[in-house]
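Protein chains in written order, with the working numbering: chain A, 23 to 171; chain B, 86 to 430; chain C, 7 to 387.
Beta carbons: idealized from backbone N, C-alpha and C, even for Gly.
What you are looking at is a predicted structure, and each value in this text was computed from that prediction instead of being measured.
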Amino acid sequence: MLDSLKDVIRKSSIHACLINTGGCNGCDIEIVALLSPRYDLEQYGIYFHNNPREADVILVTGPVAEQWKENLQRIYAKAPNPKIVVAIGACPLSGHVFNQEGSAIYPPLNEFIPVDASVPGCPPRPTEILGALLAVGPDAIAAKGRQKE
Amino acid sequence: MSSVIWYLYEFARKGWVENFAGAATDREIVESPDRFRDFPEVIRELCIACGACTAACPSPAAIKLVRTNDKDAENGEGITYPVINTDACIRCGFCAEVCPTDPKTLRTGESHLIREEFTILPAEKMFVIDDYLCIRCKKCMKACKVEDAIIEEDNKVMIDQSKCIACGECAKTCPVKGAIKGIYISNVEGQKDVINLVIHTLEDLIEAKQDELKDLPPEQIMKFEVPFADILEEAKGMLPEEEQIRDMVEKVTDRLKLRIITWNDSKCNNCRLCVDDCPSGAITYDEEKGVQRDANKCLRCTTCYQTCPFGVAGSYVARFLLTSTELQEDKIMVTVKPALLPFRG
Amino acid sequence: MIVPIGPIHPALKEPLRLKLQTRGEKVIGAEIDYGYVHRGIERVMEGKTWQKAVYLSERVCGICSYIHTQTFTETFEKIAGEEAPLRAQFLRVIANELDRIQSHLLANSTYFNTIEHETLFMYMLSLREPVMDAIELLTGNRVHMAWNVVGGVRLDAKEVHLKSIMNILDNLESQYARYPQMFEHGPLLGLRSKDVGYMSKEDSIKARAVGPIARASSITEDLRTEKPVYKDHLDFNVIWRGEGDNFARNMNRFDEVTESIKIIKQAIENLPEGKVRKKVNIPAGYADNRNEAPRGEVAYMIETNGNLIKNISIRTPSIMNIDACARYMFKDVATVADAVATYASVDPCIACTERVTIIDEESGKVHEVNGLHNVKSINLK
Numbered sequence: 023m024l025d026s027l028k029d030v031i032r033k034s035s036i037h038a039c040l041i042n043t044g045g046c047n048g049c050d051i052e053i054v055a056l057l058s059p060r061y062d063l064e065q066y067g068i069y070f071h072n073n074p075r076e077a078d079v080i081l082v083t084g085p086v087a088e089q090w091k092e093n094l095q096r097i098y099a100k101a102p103n104p105k106i107v108v109a110i111g112a113c114p115l116s117g118h119v120f121n122q123e124g125s126a127i128y129p130p131l132n133e134f135i136p137v138d139a140s141v142p143g144c145p146p147r148p149t150e151i152l153g154a155l156l157a158v159g160p161d162a163i164a165a166k167g168r169q170k171e
Numbered sequence: 086m087s088s089v090i091w092y093l094y095e096f097a098r099k100g101w102v103e104n105f106a107g108a109a110t111d112r113e114i115v116e117s118p119d120r121f122r123d124f125p126e127v128i129r130e131l132c133i134a135c136g137a138c139t140a141a142c143p144s145p146a147a148i149k150l151v152r153t154n155d156k157d158a159e160n161g162e163g164i165t166y167p168v169i170n171t172d173a174c175i176r177c178g179f180c181a182e183v184c185p186t187d188p189k190t191l192r193t194g195e196s197h198l199i200r201e202e203f204t205i206l207p208a209e210k211m212f213v214i215d216d217y218l219c220i221r222c223k224k225c226m227k228a229c230k231v232e233d234a235i236i237e238e239d240n241k242v243m244i245d246q247s248k249c250i251a252c253g254e255c256a257k258t259c260p261v262k263g264a265i266k267g268i269y270i271s272n273v274e275g276q277k278d279v280i281n282l283v284i285h286t287l288e289d290l291i292e293a294k295q296d297e298l299k300d301l302p303p304e305q306i307m308k309f310e311v312p313f314a315d316i317l318e319e320a321k322g323m324l325p326e327e328e329q330i331r332d333m334v335e336k337v338t339d340r341l342k343l344r345i346i347t348w349n350d351s352k353c354n355n356c357r358l359c360v361d362d363c364p365s366g367a368i369t370y371d372e373e374k375g376v377q378r379d380a381n382k383c384l385r386c387t388t389c390y391q392t393c394p395f396g397v398a399g400s401y402v403a404r405f406l407l408t409s410t411e412l413q414e415d416k417i418m419v420t421v422k423p424a425l426l427p428f429r430g
Numbered sequence: 007m008i009v010p011i012g013p014i015h016p017a018l019k020e021p022l023r024l025k026l027q028t029r030g031e032k033v034i035g036a037e038i039d040y041g042y043v044h045r046g047i048e049r050v051m052e053g054k055t056w057q058k059a060v061y062l063s064e065r066v067c068g069i070c071s072y073i074h075t076q077t078f079t080e081t082f083e084k085i086a087g088e089e090a091p092l093r094a095q096f097l098r099v100i101a102n103e104l105d106r107i108q109s110h111l112l113a114n115s116t117y118f119n120t121i122e123h124e125t126l127f128m129y130m131l132s133l134r135e136p137v138m139d140a141i142e143l144l145t146g147n148r149v150h151m152a153w154n155v156v157g158g159v160r161l162d163a164k165e166v167h168l169k170s171i172m173n174i175l176d177n178l179e180s181q182y183a184r185y186p187q188m189f190e191h192g193p194l195l196g197l198r199s200k201d202v203g204y205m206s207k208e209d210s211i212k213a214r215a216v217g218p219i220a221r222a223s224s225i226t227e228d229l230r231t232e233k234p235v236y237k238d239h240l241d242f243n244v245i246w247r248g249e250g251d252n253f254a255r256n257m258n259r260f261d262e263v264t265e266s267i268k269i270i271k272q273a274i275e276n277l278p279e280g281k282v283r284k285k286v287n288i289p290a291g292y293a294d295n296r297n298e299a300p301r302g303e304v305a306y307m308i309e310t311n312g313n314l315i316k317n318i319s320i321r322t323p324s325i326m327n328i329d330a331c332a333r334y335m336f337k338d339v340a341t342v343a344d345a346v347a348t349y350a351s352v353d354p355c356i357a358c359t360e361r362v363t364i365i366d367e368e369s370g371k372v373h374e375v376n377g378l379h380n381v382k383s384i385n386l387k
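Structure representation (structure tokens):
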């Protein structure tokens, strides 16, 4: 009874934090576009605060630049449990065009923090991000919350 | 208070009810335009395994050619096709643009509709040094326009492909014919066809002269000429440019050494020594027909020639040269001579 | 006292560390730490053919990605001594101006978000979506368009596309006029914006500020006036203002959107017939090329050996603008909140700034870390 009540609460109010680990900005502005009245992320109960201390979902873009190798783990530790990490775009998955001789990046992301879901594309369309977030986010957070107890 | 009135007014409106009942997702949210480049769609059957897409892809891990298992396929030969790794694909549509098949194997957005008459791949030719022929004179290193494009490593002279601009200066200065080769990157399938065509035509011509060869006394050679125009005519269907065909034929004939095996049935005493020795099973024994050789299975290894005590099998080597003079038509000179193996009469 | 902001902070969309020096409530100066998005793009581009490097140049920055490919391809055309067909140049103008509109709307929406004016923030974003649709309709992707090639553009625009872009622009124009007025006459917006983050003309020259930020401080430079296709075929005004504060910078962008709509309409009406792409044989050589990006001047300096890129250096506008912001705008700002708003008003694009150059804030020296000795540095007027 208590569990299902907690599930409902966790599913209906999700706070997200965006971390750009060295990407080109493309995925970030597509996430900003999600806030626009056309897509309206907040109608699904997902709020953007960009503050890791109150985040349930950490969205990561970018191919993990030098500075982020340690900072990522620090930020991940600061987010309260239960939390899920969603990798947005192709950068955190493989580093795509940047991952060549001479670059200063260290993909993939899951070498540094555990990744629960990913949205491929460079950049993914807002609908694709929205679809992935809604398909994965609420249930994954509820499931993770139950695991801890 | 005013906001309460506004809400009451809003709820009382009929339009609000209609809108609420007919609520649906906006069309533009779910639909994407025709030109939207999604991850490329692969049509496996059309692929010719040329590798243009993997060479063109700007992302290192995004596209890969794979081959299905030969045993699973019906005709004994698996198919090769590209596979897109969505984790690394940047959806630029360049693979669909460079794909040479018609219709295209890769499709995305409207990129597969682009078909430029000029090659999109950066250079037509790739230059490599044949280490077997290189005499290490290092003339090419001096002639090279680009710094460090030709380097010496472990007493080997090599071309750094990332720096080479394919100008061809090195090939002009090289004193050894064929030590530096310009390889055409495009039309790989066509090039293979031309090579096969040249070799098959020449071999058939020599096989047709078997009777002359059998009577050829030792330490004598046979010479004849093949007009180049015949081969050129047939090859035009395989490669688009005459210049490239010429270049291919010249390269093929330069280094080609064909082994010719002749079979003189009249000398055979049915001792069957060669039947067991033949590695490919090309020689068989039948009580009615005697010892038989299947030319299609033959590997030209000359084992039978070395085994046979009666001189049934003969071994000859053929060499070729493409001559081009202004006075007469281009010809391929053919020279056939007995192999330099111990001769058994 | 030093107040650190970032790299992950509710006010910042991109990672950067602002160290604000404060006395009481007042902000008297700032120090900026870069280095959070350094990828080494220029180094990766070296030794590649332009066919591959054009996709890397696109990913220098996600907001103004179009102008990067355009400058990159134009530099190669300059090395070859040729020009793209006129139709391709017009199509480039259309895509470039559409990109400018969406970038300016996004920049203004970020500013309004920073000063907590959510109404205008939402209005700006909803205005921006149809423009993104137009871009996607024309080129095939919302952000990284992959449309430019050396010698022209990849796909021709059809009549249908031009018609629907015209429709979108008509709609945009009919709705647009009220938002600059809201900003201009809104009393609260004025309080937060007017006389905040002032930069004089002399300071902006000293800081080498470019683009709308410089044009808000009485500098009347616009590189578009020097481009042949703009000069000969299109009619437009250079927008500039004299106030030099946050209000002027945002109004400047608002007015430039109107100007861009005008340019696109002219370009579509006068679009010449012909091919959109031609073959360009690239010899060995060096060229530099400048263009007006949404944020100011972007310059490419490329040395090629005819096939591969030997050396490449990219100069993007944001690094000068952020520097100008830190050095001259943060002199006398009333509160920390205003300082963040000032920072947002210069339209910072961190992804642009960080490639190979490191700027030492204390001595003001610029260190090149990859040893590009043979690439000349470009001086501003």
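- Per the DSSP secondary-structure output, B:Arg404 pairs in a beta bridge with B:Lys342, B:Thr420.
- When Cβ-Cβ separations below 7 Å define contact, C:Tyr129 makes no contact with chain B.
- Boundaries of the beta strand (DSSP E) harbouring C:Arg23: 23-29, taken from the DSSP string.
- Counting along the chain, the unbroken alpha helix (DSSP H) around B:Gly275 starts and ends at 273-293.
- For C:Ser319, the pairing in a beta bridge is given by DSSP as C:Met307.
- Taking C-beta separations shorter than 6 Å and ignoring five residues to either side along the sequence, the partners of A:Cys49 in its chain run Thr83, Ile110, Gly111, Pro145, following chain order.
- Interface flag for B:Cys177 against chain C is set, since a Cβ pair is found closer than 7 Å.
- Using a C-beta cut-off of 8 Å, the segment 189-209 of chain C makes contact with the segment 239-255 of chain C, since at least three inter-stretch Cβ pairs fall below that distance.
- For B:Phe124, no CB of chain C lies under 7 Å from its own CB, so it is not counted at the interface with that chain.
- Scanning chain A for C-beta atoms nearer than 7 Å to the C-beta of B:Ser144 yields His118, Val119, reported in chain order.
- Scanning chain A for C-beta atoms nearer than 7 Å to the C-beta of B:Ile114 yields Arg60, Tyr61, Thr149, reported in chain order.
- In the three-state reduction of the DSSP assignment, A:Ile51 falls in the helix class, which pools H, G and I.
- Identification of chain A residues near C:Glu309 by a Cβ-Cβ cut-off of 7 Å yields none; the smallest Cβ-Cβ distance measures about 16 Å.
- Chain C has no Cβ within less than 7 Å of the Cβ of A:Ile135.
- DSSP, read as helix, strand or coil, puts B:Trp348 in strand.
- For B:Asp172, the closest Cβ of chain A is nearer than 7 Å.
- If one requires a minimum length of 3 residues, the beta strand (DSSP E) runs lying completely within the segment 170-236 of chain B are 210-214, in chain order.
- Listed in chain order, the non-local C-beta contacts of B:Thr347 below 6 Å within the same chain comprise Gln295, Leu298, Lys299, Gly399, local neighbours out to five positions each way being set aside.
- Rounded to whole angstroms, the separation of the alpha carbons of C:Asn287 and C:Val156 is 10 Å.
- Within the segment 37-69 of chain A, those residues whose Cβ lies closer than 8 Å to any Cβ of chain C are, in chain order, Cys39, Leu40, Ile41, Asn42, Thr43, Gly44, Gly45, Cys46, Asn47, Gly48, Cys49, Asp50, Ile51, Glu52, Val54, Ala55, Leu57, Ser58, Pro59, Arg60.
- Residues of chain B with a Cβ closer than 7 Å to the Cβ of A:Gln95 do not exist, since the nearest Cβ in that chain sits about 22 Å away.
- Along the segment 26-48 of chain C, going in chain order, the ones with a CB nearer than 8 Å to a CB of chain A are Gly41, Tyr42, Val43, His44, Arg45, Gly46, Ile47.
- A residue is called buried once 16 or more other Cβ atoms fall within 10 Å of its Cβ, and C:Asn256 is buried on that count.
- The continuous alpha helix (DSSP H) containing C:Gln181 extends over residues 165-182.
- Within chain C, the residues whose beta carbon sits less than 7 Å from that of A:Ala126 are His44, Arg45, Gly46, listed in sequence order.
- At least 7 Å separates the CB of A:Pro102 from every CB of chain C.
- Contact note: C:Tyr61 reaches chain A through Val119, using a C-beta cutoff of 7 Å and chain order.
- Less than 7 Å separates the beta-carbon of C:Gly146 from that of B:Arg120.
- The criterion of a C-beta distance shorter than 7 Å is not satisfied by C:Leu97 and C:Val149.
- Of all C-beta pairs linking the segment 124-140 of chain C to the segment 315-327 of chain C, fewer than three are shorter than 8 Å, placing the two stretches out of contact.
- Between B:Ala173 and B:Ala146, the alpha-carbon positions lie close to 6 Å from each other.
- The shortest C-alpha to C-alpha distance from C:Ile269 to any of C:Val244, C:Tyr306, C:Phe78, C:Tyr292 is the one to C:Val244.
- Note on C:Asn119: 16 or more other CB atoms within 10 angstroms of its CB, so buried under the neighbour-count rule.
- Under the DSSP definition of a beta bridge, B:Glu310 partners with B:Met418.
- Residues of the segment 338-358 of chain C whose Cβ lies closer than 7 Å to any Cβ of chain A, in chain order: Cys355, Ala357.
- Apart from sequence neighbours up to five positions away, the residues of its chain that approach C:Thr341 with a beta-carbon distance below 8 Å are Glu31, Lys32, Val33, ordered along the chain.
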